[in-house]
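J.: Just so you know, the protein sequences line up as chains A and B, in that order. Residue 147 in my numbering sits at position 147 of the first sequence, and the numbers go up by one each step. Residue 1373 in my numbering sits at position 373 of the second sequence, and the numbers go up by one each step. Cβ coordinates follow ideal geometry from the N, Cα and C atoms, glycine included.
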Amino acid sequence: MTGLVTGRALGLRVCAHCRATVRAPGTAPCLCPRCGGRVHVRKPNSLATTAALLATAAFLYIPANLLPVMHMRTFFDVEDDTILSGVLTLIQEGEWPLALLVFVASIVVPLLKILALTWLLLSVYRGWGGNIRGRSKLFRLVEYIGRWSMLDVFAISLLVALVQISALATIQVGLGALAFGAVVVLTMLAAQSFDERLLWDTGDRG
Amino acid sequence: MAEANGPVADDLPQALPDAPRRNRLPFVWILPVLVIIIAAVVVVQQKLDQGPSIDINFESADGIEANKTKIRYKDVDIGDVTDIHVSKDRKQVVVTARIHNDASDYLVEDTRFWVVRPRFAGGNVSGLATLVSGAYISVDVGHSTVKRRTFDGLEVPPIVTSDLPGREFVLHADDIGSLSVGSGVYYRHIVAGQVVAYSLDPSGKSVTIKVFIDKPYDAFVTTGTRFWQASGIDMSIDSDGVKLRTESLSSILEGGIAFQSLPNGSPNAPAAPVDTVFQLFVDRERAMRPADTEVRSFVMYFKGSLRGLSVGAPVELRGIAIGEVKSLSVEYDPEAGDLRFPVQVDIYPQRIRGRARRGDHPLGMDDSSDTAGRTLLDSLVAHGMRAELKTGSLLTGQKFVALDFHTEVPPDHVGWNAEPPVFPTTTGALDEIQDSVGSIAKKLDKVPFDQMTARLMTTMATLDDTLKKADSLIGHFDGNTLPQITATLTEAQGAMENAKEVLNQNSPLQTDLNSTLLELSRAAKSVSALVDYLERHPESLLRGKPKDPP
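(1) Determine which residues share a DSSP beta bridge with A1402(B) and list them.
(2) So is D1105(B) in contact with chain A if we call contact Cβ pairs under 8 Å?
(3) Could you tell me if W1416(B) is buried or exposed, where buried requires 16 or more neighbouring beta carbons within 10 angstroms of its beta carbon?
(4) To the nearest whole angstrom, what separates the beta carbons of V1081(B) and A1103(B), a pair I think is in contact under 8 Å?
(5) Where DSSP assigns a beta bridge to W1114(B), which residues make up the other side?
(6) Measuring only between beta-carbons, confirm whether P1017(B) sits less than 8 Å from chain A.
(7) On the criterion of 16 or more Cβ atoms from any shown chain inside 10 Å, does S1305(B) qualify as buried, or is it exposed?
(8) Between S123(A) and R135(A), how many whole angstroms is the CB-CB distance? I'm expecting something under 8 Å.
(9) Express the C-alpha separation of R1289(B) and I1070(B) in angstroms, rounding to a whole number.
(10) Taking the beta carbon of R1397(B) as the centre, do at least 16 other beta carbons fall within 10 Å, making it buried, or is it exposed?
(11) Considering only residues of the same chain and omitting the five flanking positions on each side of L60(A), which have a CB-CB separation below 6 Å?
(12) With 8 Å as the threshold, decide whether the Cβ of V1028(B) is near any Cβ in chain A.
(13) Classify D1055(B) as helix, strand or coil using the three-state DSSP reduction.
(14) Counting contacts by CB-CB distance shorter than 8 Å, is P1013(B) in contact with chain A?
(15) My output table needs one value for G1364(B): the three-state DSSP class, helix, strand or coil.
(16) Quick check on DSSP: helix, strand or coil for A1321(B)?
(17) When the Cα atoms are used, what is the spatial distance from A55(A) to R38(A)?
(18) Would L22(A) and P33(A) be called neighbours here (beta carbons separated by less than 8 Å)?
(19) How is the alpha helix (DSSP H) around S1521(B) delimited, first residue to last?
(20) Leaving aside the five residues before and after I1352(B) along the sequence, list all residues of the same chain whose C-beta is less than 6 Å from its C-beta, in chain order.
(21) To which residues does DSSP link W119(A) through a beta bridge?
(22) Cα-Cα, which of D1062(B), I1320(B), T1490(B), L1376(B) is closest to D1240(B)?
(23) Step through the CB atoms of chain A and report whether any lies within less than 8 Å of the CB of L1031(B).
(24) Nearest chain B C-beta to P110(A) closer than 8 Å, yes or no?
(25) Using 10 angstroms around the beta-carbon of T6(A), count the other beta-carbons present and answer buried if the total reaches 16, otherwise exposed.
(26) Compute the Euclidean distance between the alpha carbons of K1088(B) and T1225(B), then round it to the nearest angstrom.
(27) Out of curiosity, what's the CA-to-CA distance linking K1390(B) and A1402(B)?
(28) Tell me whether T50(A) is buried or exposed, calling it buried when 16 or more other Cβ atoms sit within 10 Å of its Cβ.
(29) Measure the C-alpha to C-alpha separation of Q1194(B) and I1159(B) and round it to an integer number of angstroms.
(30) At a Cβ threshold of 8 Å, is R73(A) touching chain B?
(31) When you compare only the Cα positions, how much space is there between H1086(B) and D1077(B)?
(32) For V1418(B), count neighbouring C-beta atoms within 10 Å of its own C-beta (all shown protein chains included) and say buried if the count is 16 or more, exposed if not.
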């Protein structure tokens, strides 16, 4: 890290709105002289916001997996499907690749995202040193992968729109889908509100 | 480094100062709090909604699946089966179900549960949808206010659910006939209700049947309504011949009850209240019969055989049934010293009176007093009214008592002195025929068949003798005459053979005869030539033949 100078050390800040670099030593609140937006040294309350969103996502992850995402009523049967039972059905029908895809996209990825962000948060909060570059890469991966987690929600919304043969079969969205969608959105927001630079700040401090 | 960057940093614009802001907890923290509150509300609501858990005992769990089978009231889900297990005594299946909270009011003392499966009973097919959708448990909510948590499920769906509009009535009958629970109750051949239950009375001598009449039809059940058995095929053989009666095809299969008000009953009879007790009559005829309150008994002594007359046979006045035979008995008549067969009949004067035209009662037919009735009857008998036995049906030979007016009968009267009074009788047409046949038989009886037979016997003996003599005569003829005839015939045969020989072509006699005839022919020719010559030369007779020219 030696040889690298941070803006904060020079008393410089970058406007988050128009990307103008301005002089603002210290931590006093300032406004951008060009666009009038607030300029911060780091994203304000980044850790707290991320933590709040992450906590909500982690909490919602439980009903997302326990409650049915899909409420299917056919002429023969009434069926409630959770994400996991959908995966199991796919396995029973021998659709291994599809089952794996749904399992990874809908169960593993959100869980890993939550765990990864939690770890990143903790590392910043506790000021852990070590492999900061690796952590940074992990963060970027989390940010990148977030958009792909809505696969299930997408599939359900398609089915709900398509299968509405009222006498024979109807599919309705369950509460689980709502929770699941919230988990995905919240983790994405959490990743967005996390200021990656904080990782390096601790590194510098360490 | 600092120098190199220094001017650059210094060139950058100075940020404008901003009013300091309180460093407060970020607004975003409201989100997890909100989510937790919502989750808590949902969970609490679900717990509240879950409602009570009940146990229903069934004989079998056929078609019921835990977490799949629904409890339904009017086809609306009000709960789910959560568990199925066999009872501790292993006699029943206990189905545990969780009822939605808003349906917990339904769980009262007389609420009934049954499994809806496809059923084919009698004329009804029900629960066909469950063939594909699977069985479900249906509920009939009771009216009681006493709460209950354990129920005994019905094995068959109840006939009448508590919300079905209509009324229940009670019928009394001697026997159940071919009725069963579910048998139809018909009003003018329309299915108007069903048999809901039946039970044997504690005395064991009659049955009580509960029927439920559906809404629009129950208004026709009045205090004057009569119920009768329309069960199956009712076949009766009586003096009217063979009768076959039936209400409908399904009543043939499952039995049924029909009801109707009396045709001459008051049209404004009040509707019968719930659980009114009615008598269930055996058939329509008996149900529709006006109540015979006034009964006059008579005894009739018939001359002929009583064969074919049975207790219950009608007493008819020119075809109108006005009474019935009550008993047939035997009594010893000390005066005549023989047996008499009194036939006791009951006559219902109301039946005659009911048919009398108004104002048409010179002899007081409207008057039900004893003396008036006597006067009327005496008058009728004086005009020739007699009872006679008639055959109602030649097929069955059943007889009935017919009252009719006869012109050629010796005067008679009603024996009012006896108890019951004796009604005069006459012999019927058939009896007359029987009598005449009897007299013919008697005349035949007088023919001296014995003597005739004896004489016939002697005649036969004589004939026998004669035949024997003829036989010996033939034997004699056989012994003497026959050989002679044979000899004669033999001789005759010999003669014939001789004749045959003589007549044979090759016999000498024949040959001689032939040559003789030839000679004779020649001679004839010579004579002919001579005659010819003489004709042409008659002189030659005198002169002789001229000499041939040289």
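T.: Walking through what the data contain:
(1) Working through the second sequence from its first residue, we reach residue 1402(B) at position 402. E1316(B), E1388(B).
(2) Within the second sequence, residue 1105(B) is the residue found at index 105, counting from 1. No, no contact with chain A.
(3) The count along the second sequence starts at 1 and reaches residue 1416(B) at position 416. W1416(B) should be labelled exposed.
(4) Here residue 1081(B) is taken as the residue at index 81 of the second sequence, counted from 1. Here residue 1103(B) is taken as the residue at index 103 of the second sequence, counted from 1. Not really, about 14 Å apart at Cβ, beyond 8 Å.
(5) Translated into positions along the second sequence, residue 1114(B) becomes position 114. Answer by DSSP bridge pairing, in chain order: S1138(B), L1154(B).
(6) Sequence index remark: in the second sequence, residue 1017(B) carries index 17 (1-based). Cβ-Cβ to chain A under 8 Å: yes for P1017(B).
(7) In the second sequence, counting from the first residue as 1, residue 1305(B) sits at position 305. That one is exposed.
(8) Position 123 of the first sequence holds residue 123(A). Position 135 of the first sequence holds residue 135(A). Yes, they are in contact, since the Cβ atoms of S123(A) and R135(A) sit about 6 Å apart, within 8 Å.
(9) Looking up residue 1070(B) in the second sequence gives position 70. Looking up residue 1289(B) in the second sequence gives position 289. Per the sequence presented here, residue 1070(B) reads as Lys, with Ile not at that position. Spanning the two alpha carbons is a distance of roughly 53 Å.
(10) Position 397 of the second sequence, counted from the start, is the residue given in the question as residue 1397(B). A small fix is needed here, since residue 1397(B) is Gly in this sequence, not Arg. G1397(B) comes out exposed.
(11) Numbered from 1 along the first sequence, position 60 holds the residue referred to as residue 60(A). Within the same chain, L60(A) has close Cβ partners A179, A182, V183.
(12) Here residue 1028(B) is taken as the residue at index 28 of the second sequence, counted from 1. Yes, because at least one Cβ of chain A sits closer than 8 Å to the Cβ of V1028(B).
(13) Working through the second sequence from its first residue, we reach residue 1055(B) at position 55. Strand at D1055(B).
(14) For the purposes of this step, residue 1013(B) is taken as residue 13 along the second sequence, with counting starting at 1. Interface residue, yes.
(15) The residue given as residue 1364(B) occupies position 364 in the second sequence. The pLDDT assigned to G1364(B) is 47, lower than 50, so where the model puts this residue is not dependable; a value taken from the coordinates is nonetheless given after this. The answer is coil: DSSP assigns G1364(B) none of H, G, I, E or B.
(16) Walking along the second sequence from the start, residue 1321(B) turns up at place 321. Correct three-state label for A1321(B): strand.
(17) Counting from one through the first sequence, the residue named residue 55(A) turns up at place 55. Counting from one through the first sequence, the residue named residue 38(A) turns up at place 38. Approximately 27 Å between the Cα atoms of the pair.
(18) Taking the first sequence and counting its residues from 1, one reaches residue 22(A) at position 22. Taking the first sequence and counting its residues from 1, one reaches residue 33(A) at position 33. The residue you asked about is not Leu; residue 22(A) is Val in the sequence shown. Contact flag set, yes.
(19) Here residue 1521(B) is taken as the residue at index 521 of the second sequence, counted from 1. Run containing S1521(B): 1508-1536, per the alpha helix (DSSP H) assignment.
(20) Looking up residue 1352(B) in the second sequence gives position 352. Counting only Cβ-Cβ distances below 6 Å, and skipping sequence neighbours, we find I1322.
(21) Translated into positions along the first sequence, residue 119(A) becomes position 119. W119(A) pairs with nothing; no bridge assigned.
(22) Against the second sequence, residue 1240(B) aligns to sequence position 240. Of the listed residues, the one whose Cα sits closest to D1240(B) is I1320(B).
(23) Residue 1031(B) sits at position 31 when you count from the first residue of the second sequence. Chain A contact via Cβ: present.
(24) In the first sequence, the residue the question calls residue 110(A) occupies position 110. Not an interface residue.
(25) As a position in the first sequence, residue 6(A) is number 6, starting the count at 1. Exposed: under 16 other Cβ atoms inside 10 Å.
(26) The sequence position of residue 1088(B) within the second sequence is 88, counting from 1. The sequence position of residue 1225(B) within the second sequence is 225, counting from 1. Approximately 51 Å between the Cα atoms of the pair.
(27) Here residue 1390(B) refers to the residue found at position 390 when the second sequence is read from its first residue. Here residue 1402(B) refers to the residue found at position 402 when the second sequence is read from its first residue. Straight-line Cα distance between these residues: approximately 6 Å.
(28) Numbered from 1 along the first sequence, position 50 holds the residue referred to as residue 50(A). When all chains shown are included, T50(A) counts as buried.
(29) The residue you call residue 1194(B) lines up with position 194 of the second sequence. The residue you call residue 1159(B) lines up with position 159 of the second sequence. Distance between the alpha carbons of Q1194(B) and I1159(B): 8 Å.
(30) Here the question's residue 73(A) lines up with position 73 in the first sequence. No, its Cβ sits nowhere closer than 8 Å to a Cβ of chain B.
(31) Position 86 of the second sequence holds residue 1086(B). Position 77 of the second sequence holds residue 1077(B). His is not the amino acid found at residue 1086(B); the sequence shown has Val there. Roughly 25 Å between the two C-alpha positions.
(32) Taking the second sequence and counting its residues from 1, one reaches residue 1418(B) at position 418. Checking the sequence shown, residue 1418(B) turns out to be Ala, not Val. Result: exposed.
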